[in-house]
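Working notes, structure below.
2 protein chains.
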Amino acid sequence: MTSLVDRRHLAFVLDEVLDAPALLDLPRFSHVDRDSAVAMLDAAERLARDHFAPSFSHLDANEPRIENGRVVLPAEIASALAALRDGGFFAVMADPQDGGVGLPRSYANAALVMLQAANVSIANYAFLTMSAAELLAQHGTPDQKARYMAPMLEGRFLGTMALSEPHAGSSLGDIRTTARIRPDGSYALSGTKMWISGGEHDMGDNIVHLMLARIEGAPAGVKGISLFVVPRKRLDAEGRPTEWNHIALSGLNHKMGQRGTVNTILNVGEDGETIGEIVGGPGQGLACMFTMMNEARIAVSMGAVAHASAGYLHALAYARERVQGRHPDAKDPASPQVPLTAHADVRRMLLQQKAAAEGGLALGLYVSGLADMKAGAEEAADRTEAALLLDFLTPIFKGWISEEMLRASDAAIQVLGGAGYTRDHPLEQHYRDNRLNPIHEGTNGIQAIDMLGRKAVMEEGQALALFLARVRHAVLAASQRGDEIADLANTLAAAADLVESTTADLKALRGTHGVRPFLANATHYLDLVGRVAFAWIWLEQARVASTALVAAEGSEADFYRGKIATCRYVFSHRLPQAFQLAGLLSRADPTYLEFKEQWF
Amino acid sequence: MTSLVDRRHLAFVLDEVLDAPALLDLPRFSHVDRDSAVAMLDAAERLARDHFAPSFSHLDANEPRIENGRVVLPAEIASALAALRDGGFFAVMADPQDGGVGLPRSYANAALVMLQAANVSIANYAFLTMSAAELLAQHGTPDQKARYMAPMLEGRFLGTMALSEPHAGSSLGDIRTTARIRPDGSYALSGTKMWISGGEHDMGDNIVHLMLARIEGAPAGVKGISLFVVPRKRLDAEGRPTEWNHIALSGLNHKMGQRGTVNTILNVGEDGETIGEIVGGPGQGLACMFTMMNEARIAVSMGAVAHASAGYLHALAYARERVQGRHPDAKDPASPQVPLTAHADVRRMLLQQKAAAEGGLALGLYVSGLADMKAGAEEAADRTEAALLLDFLTPIFKGWISEEMLRASDAAIQVLGGAGYTRDHPLEQHYRDNRLNPIHEGTNGIQAIDMLGRKAVMEEGQALALFLARVRHAVLAASQRGDEIADLANTLAAAADLVESTTADLKALRGTHGVRPFLANATHYLDLVGRVAFAWIWLEQARVASTALVAAEGSEADFYRGKIATCRYVFSHRLPQAFQLAGLLSRADPTYLEFKEQWF
C-alpha cells in the first residue's frame, strides 16, 4: 500500500470538484504555482510513508512515560518532526508576509491528511504548532510574532493550546488559573491546566503554550478570560530560550489511542513565577482562542477523515485478498471460495467506508477552500460569504463528520472479523485513535449546541440561507444533467426544504417556550444538517463524475461509475434518517427534557 | 458502586416481567427453590465484587504472554476461577442427573451476567467450560460424560471450542484438520486451529478441547465434519490426566480487549499423536457443535449486556457527581454549575444506555427462559414452541443486541468526555472488551444471514409466526391498559405488520429472483426485526410498570415511571428506523449487489 489516502480521489476533489487550482490565481496565494502545490502533496506522501507510517504501531505500544520528572517519548517522534521541519511543512499555510509558504489550506490540508493517516500522534504536534502560529499571526504583536511565531514556523518551537482545567473541561468560562500583572507589563500565571497535548517534552528548542487565564479582578465567565503566550523556557532579549519558566509536569493522561501525543497535566506558578505575555487585550482571550480552536476543529475532523481513509484502504486490500465462503446459491462445497468482496454484506461495509472516507475528505477540502476564500477572495462580499459558510460548516464537519468517520473505522474492523480485533492489523488502533475525535476540541454535544444555538440562527439566518443556496445550486446543476442523478437531486431538494422548515419550527419553539426546549434535541439537529451536507457533497461529486464519464474509459470510467454508485448509496442509506429526525425535531420531542433525574 | 448490574432491575425482570419463579415449579427445576435461586444471585454478586472486579484493569494491562513455550497468565484468573469453583458455579446450569445444580438458565444467566460485568476475561473460561460440558451432556457417551463432563462441572477441567482455522474463520465447512481412525477406535488429529480462547494455560487439571475435524475420506463441506473431544493431557484408565497430547502452542492473538482470555493458535498432531474421541457420529460434528455455539451466542450477548450495564452505571454515577456548565437560559456566569445529568444532551446519552442495558438484559433473560421451557416444559407442544422461538430470537439477541450494547458502551465514553477516553476510568476498556461481541461466535453478518435465510423462513414461517403472535399479544395487553402506553401499542402493532409484510415481500423476491437478492440486505432485515423485538420487550416492561405504578410510592414509583419513560424513548428514538428499513427491504434495494468490485 503506497498511500493511506487515495491520490486519485484527492486529485478528483481538488481539481475536478472544487477547482482548487483557481485559488492559486488569487493574489493571496500568488507565491505558489500549481506545480509547487502538487509537489507539496508528493512530499507529504513521501514523508508519510518514510517517516510517519513506520512508527504507527510502535508509538501505540510505547506510550510516553515520566522518568525523573521528565517526559520520555520514543525517538521516532522527534525524527519525524525533524523531517517535517526540513520539508518546510510548519510554515506551509502561513502568510508569506509572516515568513510562510502561503499554500492555500485546500492544498495544505490535502497534504497534511496523508500525515494524519500515517501517524496522527506525530502529526498532532505539527498541527498544534501551526495553529498556535496562526493565532499569533492574527492576534500577536510584531514582537510576539518575531519571538514566538517565527520559530514555530521554522519548527524550532512547538505550540500547545492550554485551555482546560481539572474542574473545567467543556465549561471554559469557569477556569480558575489567574494572571497577576508584573511591573514590566508581563503576567505571572498560577493554576493547573489539564488535557494539554504536547504540554511537556524535550523536542525542539522550546514549547509555546497559548494559555487561558483570568486576570486578577476580572469578571466571572468568558468576559473575564484573557489569553497569554507562555513559553516553557523564558526567552532572553535575543529570543533565545533560557531558564525554566516554572511550568511543572504534574501527570500524564493515559489515553485509549493517539498515545504518541503526550497528554499532560501542568501546574503553573507553583514554586516560582510562570511568566507570560498577554495576547490581544484583557478579556479577549476566548475570542482570540477561537482562531485556534476553529482551526483545530477542522484539523480534528481531517484526522477523523484520515483514519476512515486508512481503514477503508486497509479493509479493501484485505477483502480483495482473503477468500472465504461462497455465494449463497453455490451448491458445491468443493467449489473454490470467493474473495470477501464478493459477499454483499462485505460490500455493504466497504461502501459505508468509501462513502465516509471520500465524502469526508471532499467536505473537509470544501471547508478548507472556504477558509482560503475568507482569507484571499478579492471581493469583500465573497470573503464575508466564505466566512459565514465556514462558520456554519465547522460544527457539521467537526461534529457530524467525526462520528461518521468513527462508524467507518468500526466497519473496517468488522470487515476483517477476528483479525480486525487484533493488534496484528492496524484497524483496531485506527479505531482507538479515531475515537478521540468526537470528544476533543469541543465534544460533539458542544458542536450540536453551537450548530443550532448559534450557527443556524446567526446574522438572522444568513449562514443557513447561504448553505441552503449552495445546496439548491447543486440540486439545480444535477437536475440539468437530466440523467441518472436527477432523482437524487429531487431528494436533496426535499431534504433542503426540510432543513429550512425544521429550523423555522425550532425558532418558533424558542419564541414560545424558550431556549431549553429549543436546544434539547440539538444533537439530532446536527445529525439532520450533517446528513444533508454529506448528501450534498456527494451529489456534487456524482454530478462531476457523470459529466466526466461521457469521455472516460477503462479504470477511469470505473472510477467515475464508483462515484455515482456511492452517491446513490449515500442517498438510499445515509440520508433517509434525516427525514425521521426532522419529524422528531419539528414536533419538539420532549423526551430528554421531561426525563427526571430520579428515573435513571 | 456495589454492583455493575442493577439488582432492582434484575428482580423486576425475573419476578415481575418474566415470572421466572414459576419455572421452579417445573419438575425439571424442582431441585431448586426460590430462596436458593436468589442465594445464587447474591453469591454471584459477591464473587463479582470480591474476586472478579478487582483485577479488571490489571488483566488488561498484563496480557497473557509466552515464556519458554508456555502461556503465563496473571494469577488473579486462577484464583477467581477457584472461587467460582468453590461456589459450585461450574455446575450451576447442568441437569441434576448429570451432577448439576439444575438452576434454570433464567437465574443462571442473571447470576453470570454480574460476573461478566465485573470481568468478562475471567468469566469466559467458565462459560466455555459450562457450554462444553452441556455439549457432552447432550451428545457424549456415558464414558465421555464421566471422564470429561464431570470434571468440567467440578471446575477441575476447563473447556474450549476449537473450530476455526487460519484459512477458515466464518466458513467452517472449509476446515482442513484431519482425523485418522486408530486401531482402538480413537482418532489421531492433525492440523492447525485458530482463535482458540483458553486454548493453552496451566490452570485446572486439564483442558478439554471440543474440536472439529474431517475424518480422512469424508465428503467436502459441512457434511464431512465430525466433532472430537481432545484433551490437552491424555487420561489414564481412571480418568487422571497423564502425558501431553501433542497439542502445540504456535502463537497468541493480541486482542483489542478481553485480554485476560488467552487466545491461541494451536498445532495438533505435529510432532506426535494428538488423540481424540469422536462425539456423536461421523459427519455430525457441526450439528453437535451447534449445541455449544447456540449457548455461546447467548453468552456472548449476555456479555455485551454486561458491558452496557457496567458502562451505564459508571457513566450515571459520574454524571451525577460531576458539575459542569449551566442551563442554556442561565444568564449569570457566577451562578453555580449544574451536574452533567442536568444537560439534555447528557440525558440523551444516559437514556440510550439505560434503554440498551435494561432492554438487553430483559431480552437476554426472556431468551434464557425459552431455553428453560425448551428443556423443562411439561407439554411437548410448549417445548417445541419454546425451541422455535429460541431459534428465532438467538440471531436477534446475538446480532442486534450486541450492536446496540456496543453503541451504549460508546455513549458511556462520551458522557465522560476526555476522562472517558483515558484508562483512569473503566469505560474505555468496557468498550474495547465489548467490541469483540459483534465478531465472535459468528459475526453479525453471519447472524443476519441466519436470521433471514433460515430462522425467518424455517418450518414454513412458524417461528416468525410465533414471534409475531407474542408481539401481538403484548400489543393487546398494553392496549387493554387504556392508559399512557396505548399509543405505543398501536405503533408496535404497525411494526409487527411491517415485519410480516416485509418478510413476505422478501420471500416473493427469492421466488422470482433467487437467493442472492433475497439475502443481499440481510443485515438490514436483522436490524428491522431487532428493533421490533427491542421495542416489544420494552413494551412488556412498560405494561408491567404501569400496572405496578398504581400502588407504588417514592423511589418505587420513580423506578416504574422510569421504565415507562424509557419505553417511550425506545419508541421515539430506537424503533422508527425500522419503518425506513422496511421500505428499503421491500423494494429490494440493489445497492450491494450491483456495486462492482472495480468501483471500490
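Protein chains in written order, with this note's numbering: chain A, 30 to 629; chain B, 30 to 629.
C-beta atoms are modelled at their ideal positions from N, C-alpha and C, and glycine is treated no differently.
List the residues that DSSP assigns as beta-bridge partners of residue i.
i, result
"K284/A", "T451/B"
"R57/A", "In DSSP, R57/A forms no bridge with anything."
"L517/A", "L517/A is not bridged to any residue."
Quick check: the Cα distance between residue i and residue j, rounded to an integer number of angstroms?
i, j, result
"V100/B", "N91/B", "13 Å"
"L465/A", "W429/A", "14 Å"
"A107/A", "A611/A", "49 Å"
"R590/A", "R37/A", "14 Å"
"E513/B", "W567/B", "14 Å"
"T472/A", "T620/A", "21 Å"
"R263/B", "F421/B", "39 Å"
"R326/A", "G286/A", "18 Å"
"H542/A", "G474/A", "21 Å"
"G332/A", "N463/A", "8 Å"
"L182/B", "K222/A", "55 Å"
"F257/B", "L157/A", "59 Å"
"A549/B", "I478/B", "9 Å"
"I204/B", "L241/B", "8 Å"
"G214/B", "D89/B", "43 Å"
"T207/B", "A197/B", "14 Å"
"N296/B", "G305/B", "14 Å"
"L53/B", "P605/B", "38 Å"
"N292/A", "V61/B", "54 Å"
Where does the unbroken alpha helix (DSSP H) through residue i begin, and where does it stop?
i, result
"I151/A", "134-168"
"E432/B", "431-445"
"V67/A", "63-76"
"G474/A", "473-479"
"T620/B", "620-623"
"L417/B", "409-424"
"R461/B", "456-463"
"H87/B", "85-90"
Does DSSP put residue i in a helix, a strand or coil?
i, result
"L295/B", "strand"
"V486/B", "coil"
"I32/A", "The sequence given here places Ser at residue 32/A; Ile does not occur at that position. Of the three classes helix, strand and coil, the one that applies to S32/A here is coil, per DSSP."
"R37/B", "helix"
"A277/B", "strand"
"R603/A", "helix"
"F118/B", "helix"
"G511/A", "coil"
"A400/B", "helix"
"R501/B", "helix"
"E267/A", "coil"
"L80/A", "Checking the displayed sequence, the identity of residue 80/A turns out to be His instead of Leu. If DSSP states are grouped into helix, strand and coil, H80/A belongs with the helices."
"A494/A", "helix"
"F629/B", "coil"
What span of residues does the beta strand (DSSP E) with residue i cover, start to end?
i, result
"I307/B", "303-308"
"K592/A", "No beta strand (DSSP E) contains K592/A, which is instead part of the alpha helix (DSSP H) from 583-598."
"W273/A", "270-273"
"A94/B", "A small fix is needed here, since residue 94/B is Arg in this sequence, not Ala. Per DSSP, R94/B belongs to the beta strand (DSSP E) from 94-96."
"L264/A", "262-264"
"R99/B", "99-101"
Using a cut-off of 9 Å between C-beta atoms, extract the partners of residue i located in chain D.
i, result
"L613/B", "Annotation note: the requested chain D is absent from the structure, which comprises protein chains A and B."
Legend entry - Segments assigned alpha helix (DSSP H), at least 4 residues, entirely inside the region 171-259 of chain A: 179-182
Legend entry - Completely contained beta strand (DSSP E) runs for the region 296-384 of chain B, where each covers 3 or more residues: 303-308
Legend entry - 4-residue-minimum alpha helix (DSSP H) runs that sit fully inside the region 523-587 of chain A, ordered along the chain: 544-549, 551-578
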